[in-house]
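For reference, the structure is listed below as structure tokens.
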């Protein structure tokens, strides 16, 4: 049981640990509750956002910035159905103006730690508001050196709301943004960030989506072949994106199936060949990707009833046999290529690239 002293101590700890926000939400909440807003209410919206962003830019602790971020997003829509008609667009317009100015201010900051903190949170704000124009403010950060900033910049374009708006809106936005994402994806080395680009490409109704996914798959394929791959779990997201793409563009089926088969086969080969050289964590990640990948295969082979999990539980020879049956070998084409109708690159058209043992294993 808590005594009075314990309760007072707990309350004091909560007060100290909770972010102290100076901004008042009274006026903005009153406007959000209106059935219709007047032109004069725009000034209150702009004032609220101006104060919120000013306070956010002055913070140096993540919890404080996150609390303000939540307040800003929570006030972005009217509570009433009729009020949304005018309130929501006015709020969005004022928000985007403040966001643009905030990025400029953050760019000029001298303290690198605070600069990165604020920039990352501004990118999170752009993601949370979920509008194409706000997402565009993330474009200059797609190739930043700080990985957290790059991740949140990329996440803006993995946002389903953004993909949907691009597919339904101005047709010129799609190829322009897709070309910039393609450039960023080709330069990116982080598997987790590549997943964000793959998710964007999978749902985008533009031919460049195929180019982006092929570039991402090829990058991972090259990393596997060179034994330089990291964060193997990210390949689950990439394999899923390759299968999701054909739901958006059925004409891409052969290309996506070939990318899928080549990358997936190398995941399996790394698991088999790396038993003595890669970490237990990597082996665990690879096993998870292999088992999960079985669930994506029916997109290409509707009757597929994969047994990779059972093979992994049994022995490596069973995993290899399962792999040869699905992906093919020098002796015979596999189920995936024969069903979809594609050939692999290289001398052996029936088999994916062969992953040689890492140097440490060679005799």
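Numbering (this note's numbering), first residue to last: -16 to 346.
The beta-carbon is built from N, C-alpha and C at its ideal position, and this holds for glycine as well.
Roughly how many angstroms lie between the CA atoms of residue 293 and residue 272, to the nearest whole one? Here the question's residue 293 lines up with position 310 in the chain shown. Here the question's residue 272 lines up with position 289 in the chain shown. Rounded to the nearest angstrom, the two C-alpha atoms are 14 Å apart.
Could you tell me the boundaries of the alpha helix (DSSP H) in which residue 348 lies? Not covered by the structure: residue 348. The range shown for the chain is -16 to 346.
Give me the residue from 285, 227, 211 and 245 with the minimum Cα distance to residue 340. Within the chain shown, numbered from 1, the residue matching residue 340 stands at position 357. Per the Cα distances, 211.
Shortest alpha-carbon distance to residue 188 belongs to which of 152, 169, 177 and 241? As a working mapping, residue 188 is identified with position 205 in the chain shown. Of 152, 169, 177 and 241, the residue nearest in Cα terms is 152.
For residue 122, collect the residues of the same chain with a Cβ closer than 7 Å to its Cβ; drop the 5 residues on either side in sequence, then sort them by chain order. The count along the chain shown starts at 1 and reaches residue 122 at position 139. Around residue 122, the same chain offers 163 as residues with beta carbons nearer than 7 Å, after the five sequence neighbours per side are excluded.
Provide the residue span of the alpha helix (DSSP H) that contains residue 151, from first to last. Taking the first residue of the chain shown as position 1, residue 151 is located at position 168. First-last of the alpha helix (DSSP H) with residue 151: 143 to 151.
Straight-line Cα distance separating residue 193 from residue 348: Residue 348 is absent from the model: the chain starts at -16 and stops at 346.
Helix, strand or coil: which one does DSSP assign to residue -8? Along the chain shown, one-based indexing puts residue -8 at 9. With a pLDDT of 45 at residue -8, under the threshold of 50, the modelled position of this residue cannot be trusted; read the value that follows with caution. DSSP places residue -8 in helix when its eight states are reduced to three.
Flag this pair as touching only if the region 68 to 76 and the region 40 to 52 have three or more C-beta atom pairs under 8 Å; answer yes or no. No, they do not touch.
Same chain only: Cβ atoms within 7 Å of residue 235, ignoring 5 sequence neighbours per side: Counted from its first residue, the chain shown places residue 235 at position 252. Cβ neighbours of residue 235 beyond the five flanking positions: 193, 228 and 229.
Could you check whether residue 61 and residue 27 sit closer than 9 Å to each other, using their CB atoms as the reference points? Here the question's residue 27 lines up with position 44 in the chain shown. Here the question's residue 61 lines up with position 78 in the chain shown. At least 9 Å separates the beta-carbon of residue 27 from that of residue 61.
Does the region 240 to 260 come close enough to the region 212 to 219 to have 3 or more Cβ pairs within less than 8 Å? Yes, the region 240 to 260 is in contact with the region 212 to 219.
Per DSSP, what are the beta-bridge partners of residue 311 in this structure? Taking the first residue of the chain shown as 1, we reach residue 311 at position 328. The partner list for residue 311 (beta bridge, DSSP) reads 316.
Does the beta-carbon distance from residue 231 to residue 185 come in below 9 Å? Position 248 of the chain shown holds residue 231. Position 202 of the chain shown holds residue 185. Yes, Cβ-Cβ distance for residue 231 and residue 185 is below 9 Å.
CB residue 326 to CB residue 318, shorter than 9 Å? Residue 326 sits at position 343 when you count from the first residue of the chain shown. Residue 318 sits at position 335 when you count from the first residue of the chain shown. Result no, Cβ atoms of residue 326 and residue 318 do not sit closer than 9 Å.
Would the beta-carbon of residue 297 fall within 9 Å of that of residue 289? One-based indexing of the chain shown puts residue 297 at position 314. One-based indexing of the chain shown puts residue 289 at position 306. No.
Hey, could you find the ends of the alpha helix (DSSP H) residue 22 is sitting in? As a first step, residue 22 must be located in the chain shown, where it is residue number 39. It is not in any alpha helix (DSSP H) - residue 22 carries neither H nor E in the DSSP assignment.
With DSSP collapsed to three states, give me the class of residue 348. The requested residue 348 is not part of the displayed model; the chain covers only -16 to 346.
Mapping DSSP to helix, strand and coil, what is residue 216? For the purposes of this step, residue 216 is identified with residue 233 of the chain shown, where counting begins at 1. Three-state DSSP puts residue 216 in coil, outside helix and strand.
What is the C-beta distance between residue 118 and residue 102, in whole angstroms, given that I count them as a contact (C-beta under 8 Å)? Position 135 of the chain shown, counting from 1, holds the residue named residue 118. Position 119 of the chain shown, counting from 1, holds the residue named residue 102. That belief does not hold up - the Cβ atoms of residue 118 and residue 102 are roughly 15 Å apart, past 8 Å.
Please go through the region 92 to 123 and give each complete alpha helix (DSSP H) segment of 4 or more residues, from N-terminal end onward. You should have 95 to 112 and 115 to 119.
Can you tell me which of the three DSSP states residue 62 falls into? On the chain shown, residue 62 is found 79 positions in, with the first residue counted as 1. Residue state, collapsed to three classes: coil.
What separation, rounded to the nearest whole angstrom, lies between the Cα atoms of residue 270 and residue 92? Counted from its first residue, the chain shown places residue 270 at position 287. Counted from its first residue, the chain shown places residue 92 at position 109. Cα to Cα, the separation comes out at about 45 Å.
Compare the C-alpha of residue 274 against each of 257, 320, 321 and 223 and name the closest. Translated into the one-based positions of the chain shown, residue 274 becomes position 291. That would be 223, whose Cα lies nearest to the Cα of residue 274.
Quick check: what's the CA-CA separation for residue 124 versus residue 307? Translated into the one-based positions of the chain shown, residue 124 becomes position 141. Translated into the one-based positions of the chain shown, residue 307 becomes position 324. For residue 124 and residue 307, the distance between alpha carbons rounds to 42 Å.
Just list the alpha helix (DSSP H) runs in the region 251 to 288, keeping only unbroken ones of 4 residues or longer that don't cross its boundaries, in chain order. 263 to 276
Out of 36, 86, 147 and 243, which one is the CA nearest neighbour of residue 282? The sequence position of residue 282 within the chain shown is 299, counting from 1. Ranking the options by Cα distance to residue 282, first place goes to 243.
Kindly indicate which residue of 84, 8, 204 and 146 has the alpha-carbon position closest to the one of residue 58. In the chain shown, counting from the first residue as 1, residue 58 sits at position 75. Of the listed residues, the one whose Cα sits closest to residue 58 is 8.
For the alpha helix (DSSP H) containing residue 205, list its first residue and its last residue. Within the chain shown, the letter at position 222 stands for residue 205. Segment 191 to 208, the alpha helix (DSSP H) holding residue 205.
How about residue 214 and residue 174: do their beta carbons lie closer than 9 Å? Here residue 214 corresponds to residue number 231 of the chain shown, with the count starting at 1. Here residue 174 corresponds to residue number 191 of the chain shown, with the count starting at 1. Yes, these two residues count as a Cβ contact at 9 Å.
Does the distance from the CB of residue 69 to the CB of residue 20 come in under 9 Å? In the chain shown, residue 69 corresponds to position 86, counting from 1. In the chain shown, residue 20 corresponds to position 37, counting from 1. Against a cut-off of 9 Å, the Cβ pair of residue 20 and residue 69 comes out as a contact.
Give me the residue from 49, 280, 255 and 105 with the minimum Cα distance to residue 241. To locate residue 241, count along the chain shown from 1; it is residue 258. Minimum Cα distance to residue 241 is reached at 280.
Along the alpha helix (DSSP H) that carries residue 76, what are the first and last residues, could you check? Translated into positions along the chain shown, residue 76 becomes position 93. It spans 67 to 90 - the alpha helix (DSSP H) in which residue 76 sits, taken as one unbroken run.
Is residue 22 buried or exposed, if buried means 16 or more other CB atoms sit within 10 Å of its CB? Within the chain shown, residue 22 is the residue found at index 39, counting from 1. Counting every other CB atom within 10 Å of its CB across the protein chains shown gives residue 22 a total below 16, marking it as exposed.
What's the gap between the Cα of residue 138 and the Cα of residue 267? Taking the first residue of the chain shown as position 1, residue 138 is located at position 155. Taking the first residue of the chain shown as position 1, residue 267 is located at position 284. Rounded to the nearest angstrom, the two C-alpha atoms are 26 Å apart.
Buried or exposed: which applies to residue 205, given that a residue is buried once 16 or more other Cβ atoms fall within 10 Å of its Cβ? By one-based count along the chain shown, residue 205 stands at place 222. Under this definition residue 205 is an exposed residue.
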